[in-house]
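Structure first, then comments.
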Amino acid sequence: MPEAPSFRAIYRARRLIAPLVRQTPLLPSPQLSEQLGVPVYLKAETLQETGSFKVRGAANKILNLDQAAQRQGVVTASTGNHGRAVAHVARELGIPAVVCLSERVPEAKVAALQRLGAELVIEGEGQDEAVERAESLSQSRGLTFVHPFDDPLVIAGQGTIGLELLEAVPEPATVLVPLSGGGLIAGIALALKSVSPATRVIGVSMERAPVMYQSLQAGSPVTLPEEETLADSLLGGIGLDNRYTFPLVQQYVDEVLLVSEAEIAAAMRFLLEEAHLLAEGAGAVGVAAILSERVSVAGSNVTTIVSGGNLSLTSLLTVAAEA
Ligand SMILES: *Cc1c(COP(=O)(O)O)cnc(C)c1O
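Going by my numbering, the first residue of the sequence shown is number 2, and it counts up by one from there.
What follows is the structure in structure tokens.
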């Protein structure tokens with residue numbers, strides 16, 4: 002079993018993935034700053050070429066494979082954004098990629114994967130089944146499985162966001178991070194707390210099937226049935242055999258907040274209208290927590306990761322029409 006990720010691994014990742022990943026802007030939000038009475042910043046990962054931060058972890062994992070393994074190809078399972086990231090990186094490097102998806106993944110995300118040239122395998126009701134399928138294909142075809150979150154190299158790749166934050170805000174006080182499997186928050190928390198232990202790192206999930214939240218309550222990984230949510234990129238389990246993200250989240254994450262569907266929709270509208278950012282539900286949960294006054298301000302600034310912006314025009318219009 003590979004070692005848990007380290008702060009140094011995040012630095013190594015940053016250099017390695019730089020050619021494939023954008024350093025995204027950290028945008029001040031005047032409206033949210035006024036609401037909270039301290040500067041509030043939005044880290045716009047929606048502006049990655051693939052529309053979400055997941056390109057960071059995927060690039061770090063794939064670039065660490067030796068040439069023979071790269072030539073053989075990679076396989077993954079994904080609710081969309083991770084699959085898109087793996088397909089994008091594979092295409093940039095000229096290597097084969099197979100993506101396994103559940104039948105619940107929205108059509109817009111499936112079409113985007115097809116355009117990226119990945120071989121798609123669509124099967125099963127949920128994320129856990131898609132992961133099983135990818136693991137079996139990895140065995141039978143000699144492909145390297147790229148896990149969406151529970152891999153030290155993926156976690157280190159996502160952690161490069163933490164390094165960018167530390168350069169832009171030398172003493173981040175509170176950082177809100179969308180939370181599903183925990184790769185994003187584990188990497189960011191590891192980077193931040195290694196340098197700035199006083200920084201509060203807060204996870205935000207949706208009220209509907211928040212698996213990491215329930216697992217933390219239970220003291221070990223649990224499973225929950227998936228539910229319809231605007232934050233569809235946060236759906237899926239953390240794995241009953243979780244190795245890395247669950248213990249890292251237990252160790253480094255200060256708190257996890259939950260937000261409702263109405264709050265997510267309001268945050269999506271706010272980001273579009275006021276910040277001119279197109280965020281999907283999962284990307285908007287941090288702003289939802291701020292707007293709904295769930296975040297207590299202790300310290301001199303608040304940053305939220307706007308983690309992704311991949312959504313269909315149809316869902317965007319539905320959300321916009323509810324206002
Ligand atoms: C995957 C994803 C997340 C959650 O990341 P984890 O590492 O699974 O916690 C948040 N937002 C978006 C847009 C995502 O695609």
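Glycine included, every Cβ here is placed at the ideal spot set by N, Cα and C.
Any non-hydrogen atom of ligand 1 closer than 7 angstroms to Gln-215 Cβ: no
beta-carbon Gln-159 near ligand 1 non-hydrogen atom, thresh 7 angstroms: yes
beta-carbon Ser-30 near ligand 1 non-hydrogen atom, thresh 7 angstroms: no
Check: Glu-281 C-beta below 7 angstroms from any heavy atom of ligand 1: yes
Expected contact under 8 angstroms - CB spacing of Thr-47 and Leu-278 to nearest Å: 6 angstroms
Within 8 angstroms, strictly: CB atoms of Val-254 and Ile-186: yes
Straight-line Cα distance separating Thr-51 from Ala-321: 23 angstroms
DSSP-derived helix/strand/coil call for Ile-353: Residue 353 lies beyond the range of the chain shown here (2 to 324); nothing can be said about it.
Same chain, Cβ closer than 7 angstroms to Ser-293, five either side skipped, listed in chain order: Val-260, Glu-264
Cutoff 8 angstroms: Gln-251 Cβ touching any chain B Cβ: No chain B is present in this structure, which holds just one protein chain.
DSSP-derived helix/strand/coil call for Thr-246: helix
Touching by the beta-carbon criterion (3+ pairs, under 8 angstroms), the region 171-179 and the region 131-151: no
Pair within 8 angstroms by beta-carbon distance, Ala-283 and Leu-272: no
Any non-hydrogen atom of ligand 1 within 7 angstroms of Ile-291 CB: Answer for Ile-291: no, Cβ out of range of ligand 1.
Beta-carbon contacts of Glu-124 that lie in its chain and below 6 angstroms, excluding the five residues immediately before and after: Taken in chain order, the residues that qualify are Arg-134.
Residue closest to Asp-233, alpha-carbon to alpha-carbon, out of Glu-35, Arg-9, Pro-6, His-83: Nearest option by C-alpha distance: His-83.
Segments of 3+ residues assigned as beta strand (DSSP E) that fall wholly inside the region 9-88: 27-29, 41-45, 75-78
Status (buried if at least 16 other CB within 10 Å, exposed otherwise) for Gly-188: buried
contact_flag[the region 157-170, the region 192-203] where n(CB pairs < 8 angstroms) is 3 or more: yes
Counted within 10 angstroms of its Cβ, other Cβ atoms place Gln-68 as buried (16 or more) or exposed: Residue environment: Gln-68 is assigned as exposed (fewer than 16 neighbouring CB atoms within 10 Å of its CB, all protein chains considered).
Burial state of Asp-242, where buried means 16 or more other Cβ atoms lie within 10 Å: Residue burial annotation: Asp-242 is exposed, with fewer than 16 other C-beta atoms found within 10 angstroms of its C-beta.
Assigned secondary structure, Thr-230 (DSSP; H/G/I helix, E/B strand, else coil): It is coil, neither helix nor strand.
Integer Cβ distance of Pro-153 from Pro-3, believed to fall under 8 angstroms: 5 angstroms
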